[in-house]
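Below is one structure, written out as structure tokens, with a few remarks after it.
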């Protein structure tokens with residue numbers, strides 16, 4: 088899609104808006120994959136296997152995180168080289184929507200009443216992506232002076248995400264997140 092944008096003559100702001108949306112969608116997709124571990128009794132079944140639910144969740148998060156990180160780095164490098172833009176700025180612009188979307192989706196995943204349903208995580212991802220589109224449409228967010236705000240938002244989002252992952256593992260250890268039916 089980035090190559091097509093470049094071929095069509097898109098400006099750097101258009102490509103960054105697309106990258107922001109793509110990183111948001113990628114974040115919600117990752118949590119959707121993780122949510123299948125806890126839906127439909129899979130958590131209970133995993134406790135009878137060699138690996139515990141905590142180990143399976145950690146493995147999925149590690150694998151999905153590695154794939155997401157490689158994808159983000161590739162997109163950042165491709166866009167930076169193609170549009171001759173600052174890689175750090177593109178990284179910040181892509182990192183914030185990704186981290187915030189993942190935080191929102193993990194937050195939804197931790198609500199007991201929403202955990203065993205199919206629609207809450209995708210709905211949260213869609214709402215996050217819509218918010219990213221609204222944010223990306225404002226041209227003043229791409230100024231050099233706004234990068235500090237973006238950096239602070241990325242740091243805050245990462246701190247919230249870390250706390251949510253820790254809370255998720257605590258719920259798994261207590262057994263509270265396994266009984267979803």
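In my numbering, the protein residues as written are 88 to 268. C-beta: ideal position from N, C-alpha, C; glycine also. Since we're looking at a predicted model, the values are computed, not measured.
Is residue 204 helix, strand or coil when you go by DSSP? coil
- Query: Cα-Cα, which of 189, 259, 225 is closest to residue 246?
  - Reply: 189
Using only CA atoms, which one of 239, 104, 250 lies nearest to residue 191? 250
Review point. When we look at the beta-carbon of residue 280 and count the other beta-carbons within 10 Å, is it buried (16 or more) or exposed?
Key: Any answer about residue 280 is impossible in this case: the structure gives the chain only from 88 up to 268.
- Assigned secondary structure, residue 149 (DSSP; H/G/I helix, E/B strand, else coil): helix
Original post:
Can you name the start and end residues of the alpha helix (DSSP H) that residue 177 belongs to?
Top reply: 174-196
- prompt: In this structure, does DSSP put residue 170 in helix, strand or coil?
  reply: coil
Please classify residue 98: does DSSP put it in a helix, a strand, or coil?
coil
| request: Go ahead and pull the three-state DSSP assignment for residue 104. | output: helix
Once you ignore the five residues that flank residue 121 on each side, which residues in its own chain have a CB closer than 6 Å to its CB?
147
Taking the alpha-carbon positions, what's the residue 233 to residue 106 distance?
18 Å
Item checked: Same chain, Cβ closer than 7 Å to residue 170, five either side skipped, listed in chain order -> 99, 102
Fill in: CB-CB length for residue 143 against residue 193, believed under 8 Å
The pair is not a contact, with the Cβ atoms about 16 Å apart (cut-off 8 Å).
Contact under 8 Å by Cβ, residue 195 with residue 240 = no
### Task
Within 10 angstroms of the Cβ of residue 149, are there 16 or more other Cβ atoms? Answer buried if so, exposed if not.
exposed
Original post:
By how many angstroms is the C-alpha of residue 216 removed from the C-alpha of residue 237?
Top reply: 17 Å
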